[in-house]
Structure formats: C-alpha cells, structure tokens
Ligand SMILES: O=C(O)C(=O)C[C@]1(C(=O)O)C=C[C@@H](O)C=C1
C-alpha cells in the first residue's frame, strides 16, 4: 500500500490511543498537557528522525501536530464524559505502563512512513490528492466521529508543507 495510506492510518491509530490517554486521566484532576512528556516525545522523535534519514525538524513538526491533535481528542472526550456520565469509560488504563508504551510503539513506524512519503510530498498537488485519498480509505476502515475527524484534520495539516 502507498506510504501515505500507512501514515494516515497510523495517525488515526494514534488519535484512538489518545482516547485511552483521556480515559487514564479522566477524574484524576490533573492537566491534560504534560510538558515534560512532550519534550521527551519530541526529543526521541528528533533522534529517530535523524536515524531514519529525515531532517529532525521535519519529524518534530509532524509530531507537534500529532500531540496537539491528541490534546484536542482528550479535551473533547473529557467534556463529553463530564456532560454524559453514561458515556464515561469503565476501564481506566495505566498511562505509564499501558498507554504511553503503545504511543511509543507507533513513533518509529510513523517516522519511517513520513520518510517514505518524501517523493509524493515534493509535489503539493500530488501530495494533497494522495492525502485526501488516504483519508478517505482510512475513514472507510475506521469510521470517526466529528471530534476525531477534526483532530485528524489538525494532525495531517502539516504533511504537505513539510520538506
Ligand atoms: O502522554 C500523555 O500524557 C499524553 O497526553 C499524550 C501526549 C502525546 O500526544 O504524546 C499529548 C499531550 C501531553 O502533553 C503529552 C503527550
């Protein structure tokens, strides 16, 4: 399958994991944003980008968008769960031992795919066409609600602007 499909699919998977992050944090009273963890994620993205043959800045810019999108999902779900107790998650996964390792497992795959989309990204019209196609395919496999679609838009916005 074209690397753009894999890239979009893994961005969707990461946003679904943000739902598990939201469940882990819900009711804990703590903030959604964890600046130290963000730095940790972005530092390892920079290191892995270089290893994958990507400019570290390219990987970091892409992942900043993934992190912002993950926060959109978390804020949206928390608001939904506050308003509708029946929708609250029944399971509370552990952030450090369960959820973050799943996020970390996606990172090298996403960077590899980002590298593989380099030829397509060189042409803006081709990039946007492939991206739209890949989104369509991903949403056919995994139907998303409005919140997740909005977050996915945000997560994918930088893709065709990256060098
Ligand atoms: O690990 C978390 O606590 C998350 O909320 C996930 C995540 C990310 O997308 O990697 C997003 C926001 C936080 O500020 C830190 C990291």
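Numbering (my numbering), first residue to last: 27 to 189.
Where a beta carbon is used, it is the ideal one built from N, C-alpha and C, also for glycine.
- The count of Cβ pairs closer than 8 Å, one atom from the segment 150-168 and one from the segment 87-98, stays below three, leaving the stretches out of contact.
- A direct Cα-Cα distance of roughly 42 Å separates residue 52 from residue 149.
- Annotated three-state conformation of residue 84 is helix, per DSSP.
- An exposed status is given to residue 57, since fewer than 16 other beta-carbon atoms sit within 10 Å of its beta-carbon.
- Not one heavy atom of ligand 1 sits closer than 8 Å to the Cβ of residue 28.
- A buried status is given to residue 29, since no fewer than 16 other beta-carbon atoms sit within 10 Å of its beta-carbon.
- For residue 154, the uninterrupted alpha helix (DSSP H) run begins and ends at 150-167, by DSSP.
- With a threshold of 8 Å, the Cβ atom of residue 101 does not count as near ligand 1, since no heavy atom of the ligand is closer than that.
- The shortest C-alpha to C-alpha distance from residue 126 to any of 35, 43 and 36 is the one to 43.
- Going by beta carbons, residue 182 and residue 86 fall outside the 9 Å limit.
- Rounded to the nearest angstrom, the Cβ distance from residue 177 to residue 95 is 4 Å, consistent with a contact under 8 Å.
- When the alpha-carbon of residue 98 is set against those of 59, 146 and 36, the nearest one is in 59.
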